[in-house]
Every structure is written in C-alpha cells, then in structure tokens.
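**Student:** Structure below; questions to follow.
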Amino acid sequence: MNDDFAAAMRQSLEQTRAGKPFEATRTIQAALAGNAGSAVRQSPAQKPSLKQARPASPRWRLSKVISELSRKPPGLDAHSGRKAPAPAAPEGAIFERRHHAGHHGARDYFLFHPSNHDAPLRGVILMLHGCTQSPEDFATGTRMNDHAERHGLIVVYPEQVRSENVSLCWNWFRPGDRSRSGGEAALLAGLAATVAADHGVPSGSVFVAGLSAGGAMAAILAQTHPEVFAAAGVHSGLAPGSANDVVSAFAAMRGDLAPGAEALNAPAIVFHGSADGTVAPLNAGHLAGRLEAAATRTGEASGRRYDVLAARNADGHPVEVWRIEGAGHAWSGGDTNGSYTDRMGPDASAEMVRFFLEQVQA
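Here it is, written out as structure tokens:
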C-alpha cells in the first residue's frame with residue numbers, strides 16, 4: 001500500500017466515523033482509481049464526480065473496503081460489555097454447536113433443546129445475532145434459552161462467518177442475500193425449516209427474531225419466507241429493502257426512508273429504544289407501516305418507561321411496537337453478561353415468546 005493510498009484510507013475512516021459515508025465513498029473510489037493523492041488533498045469544493053472517480057474494481061469490493069475500514073458496521077455501535085461464554089444449560093437440556101449444509105450454503109449454529117424430551121415441542125425460534133456478536137454471546141445476553149426451557153421451545157442460533165462479513169453482520173443490505181431464492185435469507189430459512197422438520201415441529205410454529213443487523217434480517221425472512229416463519233421479533237432493526245449497499249445502509253440507519261423499503265406484512269413484535277444512536281428509532285415506524293385498530297398502553301419495567309402500540313397492519317396481521325424511553329442500542333431486559341444488552345426495561349425475550357405463542361393459539 002503506497003503512502004497516498006494509505007492516506008486515502010485514513011481520510012475515509014475519519015469521514016465514516018464523522019457520519020459522512022458519501023464523502024468516504026468518493027475518497028475510496030478515487031483511491032481505487034489511482035487518484036489517491038488528489039483525493040486526500042482536495043478541498044470540499046473540488047470533489048471529483050462519481051463518474052470521474054469510478055474504479056475498475058467491482059462495487060462489492062468497495063463496500064467491503066468501507067466495512068473493513070469503518071469498524072462501525074451497519075449493525076451495532078452501542079456499549080458492548082464483555083463477550084460472554086456459552087450459557088449453562090439446565091440438567092437434561094441441550095445447548096451444542098451443530099452444522100447445517102443446504103442448497104444455499106452452510107453455517108454452524110447452536111441449538112438449544114429443553115430438558116423435557118418427552119413433552120411435545122411448541123415451536124422453533126431462529127435467533128439472529130447482531131454485528132460482532134456470536135451465538136453464545138447472543139444466547140447469554142437475551143436469556144432466550146431460559147424462556148425456551150419454560151415454554152418447550154427449540155432455539156437455533158446461526159453463526160455468521162468473517163468470510164461473508166468482516167464484522168459478523170448478517171448482510172441485510174446486500175440484495176443477493178435478501179432473496180427468496182438464494183443468499184443468506186434462503187440459507188437461514190432452510191436451516192429453520194430443517195430443524196423444525198427434524199424435531200417434528202408443525203408448520204405455523206416457527207419464528208424468527210434478531211437484534212440490529214440480525215433484526216433487519218429477521219424482518220427480511222418474515223417477508224421472503226412466510227410459509228416458514230409465522231411471526232417475527234425485531235429489536236433495533238430496519239425494514240426490508242432499506243438499503244442496497246453499505247452507503248445506503250448508513251443512510252437507513254440514520255432514519256432515511258429508502259424508496260424500496262417495505263413495511264412488514266407478517267405478524268411482528270418490534271422493540272426500539274428512544275435513545276438509540278445507531279439505528280434511528282424512526283425505523284420502528286418504517287417496519288410497522290400503516291396500522292389500523294390501534295390501541296396504546298404505557299408501563300414501567302426496571303426503571304424504564306415504555307409505550308406499546310398494538311394494532312393490525314395493512315394485511316390484517318397483529319403488530320406490536322414497543323418504544324422504550326431512554327434505551328439505547330441494546331437488547332431490552334437482557335443479561336449484562338452478554339454484549340449489547342440493557343438490564344433495564346421490559347424483557348424483550350419474554351414478550352417475544354408470548355407474542356409468538358399467541359400466533360399459534362390464534
């Protein structure tokens with residue numbers, strides 16, 4: 001890496017951290033085109049056009065460079081806490097690493113099976129971690145296994161790999177990964193369907209939930225594979241179609257509504273902190289879309305006030321939107337031994353399980 005190119009990379013990093021992703025893109029484009037020196041030295045009034053600075057490298061490479069440089073991936077940016085080891089499983093329960101290989105790719109995952117192996121299983125929850133997290137960390141922070149033990153549920157925690165995203169984000173902003181017919185969406189739906197079939201869980205009892213980038217992918221899965229997922233839980237996430245690359249992902253995270261963004265047309269429970277500085281709270285509204293027959297209530301849990309909007313979406317499906325006053329970009333009511341958790345506020349995991357099981361009973 002020559003001195004000019006290194007300087008361009010440093011400038012791009014500073015621009016990204018300053019909330020200027022478009023300027024960062026232009027800097028990197030100029031550098032990849034061989035104009036790094038001029039890109040670093042020019043004034044704002046002398047910015048090259050995108051046409052002049054277009055690199056010969058494919059767009060995906062540019063996105064990867066931005067992602068690697070920024071260390072502020074399209075997902076998580078809150079206080080993380082420490083990374084947690086795998087949570088202890090109750091006696092007789094199973095929490096172990098497994099491997100899935102299907103038509104659309106392969107991933108390792110952790111599977112939790114409740115201790116009562118004789119009781120009928122009530123469902124499967126696919127839990128999608130956020131950027132920089134691991135399945136073990138996410139399981140610890142959400143305490144979802146505790147709720148699954150009480151309610152007779154299997155929980156599946158897929159693991160993202162650095163070869164697909166350097167920050168371990170699910171690629172919700174990449175068009176090829178939110179397709180029904182391929183990419184990560186198809187891979188994850190196949191994993192959930194396979195686990196459900198292997199354990200005799202009936203159709204209509206498979207659910208998906210996630211945090212941040214994982215929440216955005218959970219929303220995508222509910223949209224692309226309604227025959228697999230009966231409902232979605234989205235914590236601090238974004239609407240399907242909110243972005244098509246890293247640059248537009250940052251814009252969506254700021255709260256800009258993309259032309260291709262789609263409100264969920266499935267049963268969904270949405271959580272968002274009012275003080276989320278990573279994914280703007282406006283995104284909860286983009287996810288929910290136009291709602292009818294709405295009822296509101298307020299409450300307080302562990303020192304945090306919250307508002308709940310319960311309604312029906314345009315397709316007649318139940319939707320709950322939980323706005324948590326003063327909460328940041330973290331799983332509400334979580335275990336602080338896991339990363340990106342807030343012990344204060346309503347227990348998002350408990351409420352998601354309650355909402356999911358209500359859809360089965362309905």
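Note that full-length UniProt numbering has the sequence shown beginning at 1, numbered continuously upward.
For glycine and all other residues, C-beta sits at the position ideal for the given N, C-alpha and C.
Please list, in chain order, all residues of the same chain as His147 whose beta carbon is under 7 Å from its beta carbon, the five residues on each side excluded.
**Tutor:** For His147, where only same-chain residues beyond five positions count, the Cβ hits under 7 Å are Ser349, Ala350 and Val353.
**Student:** Give the straight-line distance between the Cα atoms of Glu136 and Ala84, rounded to the nearest whole angstrom.
**Tutor:** Glu136 and Ala84: Cα-Cα distance of roughly 7 Å.
**Student:** Jot down the residue ranges of each uninterrupted beta strand (DSSP E) in the segment 236 to 316, minimum 3 residues, whole runs only, in chain order.
**Tutor:** The qualifying runs are 268 to 273, 292 to 301 and 304 to 312.
**Student:** Tell me which same chain residues have a C-beta within less than 6 Å of the C-beta of Leu126, skipping the five on either side of it?
**Tutor:** These residues qualify, in order along the chain: Val156, Ala192 and Val208.
**Student:** Taking the alpha carbon of Gln133 as the reference point, which residue from Ala88, Asn165, Val360 and Leu121 has its own alpha carbon closest?
**Tutor:** The shortest Cα separation from Gln133 among Ala88, Asn165, Val360 and Leu121 belongs to Asn165.
**Student:** Give the straight-line distance between the Cα atoms of Thr278 and Gly285, rounded to the nearest whole angstrom.
**Tutor:** Taking the straight line joining both Cα atoms gives about 16 Å.
**Student:** Determine contact between the segment 186 to 202 and the segment 91 to 106, defined as no fewer than three beta-carbon pairs at a distance below 8 Å.
**Tutor:** The segment 186 to 202 is in contact with the segment 91 to 106.
**Student:** Does the segment 296 to 305 come close enough to the segment 334 to 350 that 3 or more CB-CB pairs lie under 8 Å?
**Tutor:** A contact exists between the segment 334 to 350 and the segment 296 to 305.
**Student:** Is the beta carbon of Leu168 sitting closer than 8 Å to the one on Gln160?
**Tutor:** Going by C-beta atoms, Leu168 is nearer than 8 Å to Gln160.
**Student:** Within 10 Å of its beta-carbon, does Glu184 have 16 or more other beta-carbons around it, so buried, or fewer, so exposed?
**Tutor:** By the neighbour-count rule (16 or more Cβ atoms within 10 Å), Glu184 is buried.
**Student:** Just reading off the beta strand (DSSP E) that residue 374 is part of, what are its end residues?
**Tutor:** Because the chain spans 1 through 362 in this model, residue 374 falls outside it and cannot be assessed.
**Student:** Identify which residue in Gly233, Gly182, Ala216 and Ala213 has its Cα closest to the Cα of Val206.
**Tutor:** Ranking the options by Cα distance to Val206, first place goes to Gly233.
**Student:** Need the endpoints of the alpha helix (DSSP H) that residue 370 sits in, please.
**Tutor:** Here the chain comprises residues numbered 1 to 362, so residue 370 is not present and cannot be evaluated.
**Student:** Give the C-beta separation of Leu238 and Ala216 to the nearest angstrom, bearing in mind that I take them to be a contact with Cβ-Cβ under 8 Å.
**Tutor:** Between Ala216 and Leu238 the Cβ distance is about 4 Å, and since that is below 8 Å, they are a contact.
**Student:** Nearest-angstrom Cα distance between Gln361 and Gly204?
**Tutor:** Distance between the alpha carbons of Gln361 and Gly204: 10 Å.
**Student:** Where does Pro158 land, buried or exposed, given buried means 16+ other C-beta within 10 angstroms?
**Tutor:** Buried.
**Student:** For Glu86 versus Pro114, is the C-beta spacing smaller than 8 Å?
**Tutor:** Per the sequence shown, the amino acid found at residue 86 is Ala instead of Glu. Result no, Cβ atoms of Ala86 and Pro114 do not sit closer than 8 Å.
**Student:** Alpha carbon to alpha carbon, how far is His225 from Val124?
**Tutor:** When rounded, the distance between both Cα atoms is 15 Å.
**Student:** Gln359 to Gly316, Cα distance in whole Å?
**Tutor:** Near 13 Å, if we compare the C-alpha coordinates of Gly316 and Gln359.
**Student:** What span of residues does the beta strand (DSSP E) with Ala101 cover, start to end?
**Tutor:** Residues Ile94 to Gly102.
**Student:** For Ser339, count neighbouring C-beta atoms within 10 Å of its own C-beta (all shown protein chains included) and say buried if the count is 16 or more, exposed if not.
**Tutor:** So Ser339 ends up on the buried side.
**Student:** Just the Cα atoms here: how many angstroms apart are Asn337 and Arg180?
**Tutor:** Their Cα atoms are separated by approximately 35 Å.
**Student:** Pull up the distance between the alpha-carbon of Ala330 and that of Asn283, whole angstroms please.
**Tutor:** The straight-line gap from Cα to Cα measures roughly 15 Å.
**Student:** If we cut at 8 Å on Cβ distances, does Arg174 have a partner in chain C?
**Tutor:** Of the protein chains in this structure there is only one, and it is not chain C.
**Student:** Beta carbon of Ile324, beta carbon of Gly273: below 8 Å?
**Tutor:** Closer than 8 Å, so yes.
**Student:** Taking 8 Å as the threshold (C-beta atoms), are Leu264 and Gly303 in contact?
**Tutor:** Not in contact: Gly303 and Leu264 (Cβ atoms no closer than 8 Å).
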